[in-house]
Amino acid sequence: MEQMYLQYHWFGAHHTIGYRAFGDVNNRNVLLCIHGVSRNARDFDVIAKALSDHYYVLALDMPGRGQSEWLDDKGHYGYQLYETVAGEVIEMLGARQVDWIGTSMGGHIGMRIAAMENSPIRRMVLNDIGPFIPESGRKQNGASFGLDPRFSSEAEGIRWVRENRTAFGPFTDAEWEQFGRDSLRQISPSEWTFDYDPGLAETRASGDHNSWDQWEKITCPVLCVWGLDSVLLTADTVQKMQITGPKAEVFEVAGAGHCPGLVSTDQIQAVRQFLTR
56 MEQMYLQYHW
66 FGAHHTIGYR
76 AFGDVNNRNV
86 LLCIHGVSRN
96 ARDFDVIAKA
106 LSDHYYVLAL
116 DMPGRGQSEW
126 LDDKGHYGYQ
136 LYETVAGEVI
146 EMLGARQVDW
156 IGTSMGGHIG
166 MRIAAMENSP
176 IRRMVLNDIG
186 PFIPESGRKQ
196 NGASFGLDPR
206 FSSEAEGIRW
216 VRENRTAFGP
226 FTDAEWEQFG
236 RDSLRQISPS
246 EWTFDYDPGL
256 AETRASGDHN
266 SWDQWEKITC
276 PVLCVWGLDS
286 VLLTADTVQK
296 MQITGPKAEV
306 FEVAGAGHCP
316 GLVSTDQIQA
326 VRQFLTR
C-alpha cells in the first residue's frame, strides 16, 4: 500500500485529497473504492489488498475526511464536489473504464456517475445503498454525525466506536479494534477525535431520498451488498432494485446493518466473483 496525494481544482483554488493505492500502477484494470459520509479510505484496506492481484486499487479520502484537506466553506461539500474529485482521479489514471465499490455515500456517487452518458464505470458494487432511503433511516443513521468529541486515549475512542457503531460488520474483536482505530485521528499527545470534518454535518440532507429516475439510466452491472439489519436499505427497495434499471444482483449479509464491513472472506469473495466475471 502507498499513501498518495492529488491536487484538484475547485472554485478558483487548488485542494489536496489523499488516496491509498494497492497493486501495480501499470495494471490497466482499475478499481475505485469510495467510503461512506463519516468514514475514510482505510475502510477498504482489507478488500483492496485482496483484490490487488487483479486490479490497481485506489481507495479515496473524499474532501473533509482522512488524509484529504478540509474545506473552509462547508457549503461546498456535496455530490458535485465528490463527482469532480472522482473524475479528476480517473483522468489522472488515463483509464477508459473503471470498476467501482461504493459504501453508502460512495455508492450514491457511483450511481450518479453511472447514470451519466458515456459513464466510465464498467461494473459497480453498492455497499448497503440504493436509490431510495427513508427519512426515518437517515435520522437514525445520522444521529451522531457531526459530533466532535475528545477522547483521552485511543482505547477510549475505540470503545466508543464499538459501542455506538454496532450496525457495521459483522466484525471479530480484532476487526473491531482496527475499525475503531481507523475511525480516529490524534490531535494532541492526549486527545483523539473522529477522522472527519464535523462541518460536514452542515450540509446533511433530510427527508426521504428518491433517485429511482437516475437508477433507470444505469446500464452497467450492479451488485448490491445488503446488510439485512440496515435502516437505510429496506427490503422493498432491494426487491425493486432487482427488477428495475440495471436489475441488481444482491448479496445478503446477516448480522450487519449499515454497513457490511467488506472484510470477511465471504463478502470479499462475492465482490471478487462479481467484478472479475
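To convert, note that position 113 of the sequence shown is 168 in this note's numbering; the numbers rise steadily by one, no gaps.
Where is the CB? At the ideal position from N, CA and C, for every residue including glycine.
Buried or exposed (CB count within 10 angstroms, at least 16 for buried), residue i
| i | result |
| --- | --- |
| Met147 | exposed |
| Gln44 | Since the first and last residues shown for the chain are 56 and 332, residue 44 lies out of range. |
| Pro244 | exposed |
| Gly310 | exposed |
| Asp291 | exposed |
| Gly262 | exposed |
Inter-residue Cα distance where the pair is residue i and residue j
| i | j | result |
| --- | --- | --- |
| Asp321 | Gly67 | 45 Å |
| Val308 | Thr71 | 35 Å |
| Arg151 | Pro175 | 6 Å |
| Arg217 | Gly235 | 7 Å |
| Gly73 | Lys302 | 33 Å |
| Ala325 | Arg259 | 32 Å |
| Arg240 | Pro118 | 15 Å |
| Ser123 | Glu246 | 20 Å |
| His90 | Ser159 | 7 Å |
| Ser319 | Gly224 | 9 Å |
Nearest to residue i (by Cα), restricted to the options the options
| i | options | result |
| --- | --- | --- |
| Gly312 | Ile298, Leu288, Gly300 and Val293 | Leu288 |
| Gln62 | Leu115, Leu181 and Arg177 | Leu115 |
| Phe77 | Arg193, Gly282, Gly91 and Ala103 | Ala103 |
| Asp237 | Arg97, Asn173 and Gly161 | Arg97 |
| Phe200 | Asn82, Arg94, Thr331 and Cys275 | Arg94 |
| Val280 | Gly185, Asn196 and Ala256 | Gly185 |
Beta-bridge pairing of residue i - partner residues as DSSP gives them
| i | result |
| --- | --- |
| Met59 | Tyr74 |
| Gly254 | Bridge partners of Gly254: none, in fact. |
Assigned secondary structure, residue i (DSSP; H/G/I helix, E/B strand, else coil)
| i | result |
| --- | --- |
| Phe99 | helix |
| Pro315 | strand |
| Arg177 | strand |
| Gly67 | coil |
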